[in-house]
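Numbering (the UniProt record's numbering), first residue to last: 1 to 447. Everything below concerns the one structure shown next.
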Amino acid sequence: MGIGLKNLLNPLDAVKYLFKKPHTIRLPYEPKVIANRYRGIHVNDWDLCVGCGNCARICTCQAITMVPVEGIEPKPGSTNLRPKVDYGKCSFCGQCVDVCPTGSLKLSKNFNLVSPNREDYVFIPSKEWDSGPGTGWESDLEYSILNFERVEMPERPPEERRKDFEPVILGFSEEQAVVEGMRCLGCALCMDGCPTRMFIPQYIEAITDGDYEKSLKIFYVNNPLPEICGTVCTHRCEDACVYSKRGQPVQIRYLKGFGASRIDDRAKVLGKKIGTKRGRVAVIGAGPAGFTVSYYLRREGFDVTIFEALPVPGGMMRVGIPRYRLSQKILDREIGFITSLGVEIKYNTRIGRDIKLSQLLKEFDAVFLGVGFHRGIKMGIPGEDGEGVMQAVDFLRKVNLGEEVKIGKRVLVVGGGDVAMDATRTPLRLGAEEVILSYRRREVDMP
1 MGIGLKNLLN PLDAVKYLFK KPHTIRLPYE PKVIANRYRG IHVNDWDLCV
51 GCGNCARICT CQAITMVPVE GIEPKPGSTN LRPKVDYGKC SFCGQCVDVC
101 PTGSLKLSKN FNLVSPNRED YVFIPSKEWD SGPGTGWESD LEYSILNFER
151 VEMPERPPEE RRKDFEPVIL GFSEEQAVVE GMRCLGCALC MDGCPTRMFI
201 PQYIEAITDG DYEKSLKIFY VNNPLPEICG TVCTHRCEDA CVYSKRGQPV
251 QIRYLKGFGA SRIDDRAKVL GKKIGTKRGR VAVIGAGPAG FTVSYYLRRE
301 GFDVTIFEAL PVPGGMMRVG IPRYRLSQKI LDREIGFITS LGVEIKYNTR
351 IGRDIKLSQL LKEFDAVFLG VGFHRGIKMG IPGEDGEGVM QAVDFLRKVN
401 LGEEVKIGKR VLVVGGGDVA MDATRTPLRL GAEEVILSYR RREVDMP
């Protein structure tokens, strides 16, 4: 093959670079400026991280696994798990940062990780690689793919609801329930805050899908009073919700109440199947504890008889909580289903007065005590037993039972808790012109 003219002249191409500025490294060395949004090694603030695992679930590269960390104690709303990253798999896409509800995880600007050992590229990120605030890839609330704002529960206006005892809350519409339910990330940290450990992510998913029969079945696995709890429970699950760290927690309580309210005929969905007959159990108290144990015992085949001192079922749910907070229709619906299974209730029967505990122990195979808290706590001050002075629980019980209560035009309520607030709002609905609440601490300290 001949040399050719082109090959002959190729060495002369270098002449064109003769007068150009050379591409050399300056001395002393000047590092290149890295963009603030560069995605490098992960940084995780263990104090903010709750171990929810959302980062691991969204990782399409399967680069993140959740592992327990020694020295971190799990508690409601937080586990001892922390993300472990395999940088042989990580694509630095930043999705793990985008779905971090607490904002603990981010990608730093640092990327200088050089080692001949494969194991050195797999570790649990901490704050070691932190390059400072505003640098690297961080979760931005303004542009977050997560929804930190809840759907507020519609309520009747104050000037309207103070005139009667009709429910204050109006309930979610189907659209509102779906929007609120879709906020749930499914991390299940909320279950640690629930006293009965209800399967919260599962029933929220069922509600969001519109499968109310499925959600009802999930409720009754460990709570036979879902609509009641979905109206007035203390919703500790929401305190454990990961959204509460930087935003508003999911409306778990009201979603539960919504899901339970969609089906009136519980027996049609849950059936009335009773297990093989096993014995007789006496339950003292027709309150939430009494009905809960009665439901599950009856399902297991036990004959259950409830002894209740009051003339009505429900305990403090019936006589302690005002009707504007808990509708009697909800009580009747859920209690009615339990009694339809064959649970017997003996009203106006007080243990120790109308029947002895020793007698029950002889007649039944077991006795369950669920008497509740029906007595108020006195302050021990002069005049406490005077005319016109009454305990809040006694006052609320009389009102709920339809008894006549003389309150006058001006009412003073001492206290600042839930019972005090119920005792404050109830007189207004009975026609009091003025109600004064006296609390020993500040307004911000009120429970």
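For glycine and all other residues, C-beta sits at the position ideal for the given N, C-alpha and C.
{"Item": "Other residues of its chain near P249: CB distance less than 6 Å, five sequence neighbours each side excluded", "Value": "E238, C241 and Y243"}
{"Item": "For I351, the nearest candidate out of R440, K21 and E308 (CA to CA)", "Value": "E308"}
{"Item": "Cβ-based neighbour list, V151, same chain, cut-off 6 Å, excluding 5 preceding and 5 following", "Value": "Q176, V179 and E180"}
{"Item": "Member of P83, A35 and K163 whose CA lies at the smallest distance from the CA of K109", "Value": "A35"}
{"Item": "Other residues of its chain near G171: CB distance less than 6 Å, five sequence neighbours each side excluded", "Value": "none"}
{"Item": "Where G314 falls, given that 16 or more other Cβ within 10 Å makes a residue buried", "Value": "buried"}
{"Item": "When V405, K406 and D422 are compared against T413, the one with the closest alpha-carbon", "Value": "For clarity, residue 413 is Val in the given sequence; the question names Thr instead. Of V405, K406 and D422, the residue nearest in Cα terms is D422."}
{"Item": "Coil, strand or helix - D86 by DSSP", "Value": "strand"}
{"Item": "C-beta contact flag for G416 and Y439 at 7 Å", "Value": "yes"}
{"Item": "Straight-line Cα distance separating N54 from V399", "Value": "48 Å"}
{"Item": "Straight-line Cα distance separating K89 from E119", "Value": "13 Å"}
{"Item": "Paired residues, beta bridge with D303 - DSSP", "Value": "R280"}
{"Item": "Where N256 falls: helix, strand or coil (DSSP)", "Value": "Note on residue identity: the sequence assigns Lys, not Asn, to residue 256. If DSSP states are grouped into helix, strand and coil, K256 belongs with the helices."}
{"Item": "DSSP-derived helix/strand/coil call for A392", "Value": "helix"}
{"Item": "Extent of the continuous alpha helix (DSSP H) to which A267 belongs", "Value": "R266 to L270"}
{"Item": "Delimiting residues of the alpha helix (DSSP H) encompassing T208", "Value": "I200 to T208"}
{"Item": "With 16 other Cβ atoms within 10 Å as the buried cut-off, status of D98", "Value": "buried"}
{"Item": "G193 beta carbon less than 7 Å from that of P288", "Value": "no"}
{"Item": "Integer Cβ distance of residue 451 from V304, believed to fall under 8 Å", "Value": "One cannot answer for residue 451 here, as it falls past the ends of the chain, which runs 1 to 447."}
{"Item": "Rounded distance between the beta-carbons of G285 and G376, thought under 8 Å", "Value": "The Cβ separation is near 18 Å, so there is no contact."}
{"Item": "Local conformation of E344 per DSSP, three classes", "Value": "strand"}
{"Item": "CA-to-CA distance, F373 to V319, given in whole angstroms", "Value": "11 Å"}
{"Item": "Residue of D211, T276, C233 and F302 minimising C-alpha distance to R262", "Value": "D211"}
{"Item": "Three-state secondary structure assigned by DSSP to E142", "Value": "helix"}
{"Item": "Enclosing beta strand (DSSP E) for S438 [first to last residue]", "Value": "E434 to S438"}
{"Item": "Identity of the residues DSSP links to T102 by a beta bridge", "Value": "DSSP lists no partner for T102."}
{"Item": "Contact check, P224 vs K256, beta carbons under 7 Å", "Value": "no"}
{"Item": "Coil, strand or helix - F337 by DSSP", "Value": "helix"}
{"Item": "CB contact flag (D86, A63, <7 Å)", "Value": "yes"}
{"Item": "Contact under 7 Å by Cβ, C100 with S139", "Value": "yes"}
{"Item": "Exposure of A366, with buried meaning 16 or more beta-carbon neighbours within 10 Å", "Value": "exposed"}
{"Item": "R197, DSSP secondary structure in three states", "Value": "coil"}
{"Item": "Beta bridge counterpart(s) of I355 as assigned by DSSP", "Value": "I351"}
{"Item": "Proximity below 7 Å, CB of L276 to CB of G259", "Value": "Note on residue identity: the sequence assigns Thr, not Leu, to residue 276. Not closer than 7 Å, so no."}
{"Item": "Three-state secondary structure (DSSP) of P154", "Value": "coil"}
{"Item": "Residue from G279, I306 and R280 with nearest C-alpha to T292", "Value": "I306"}
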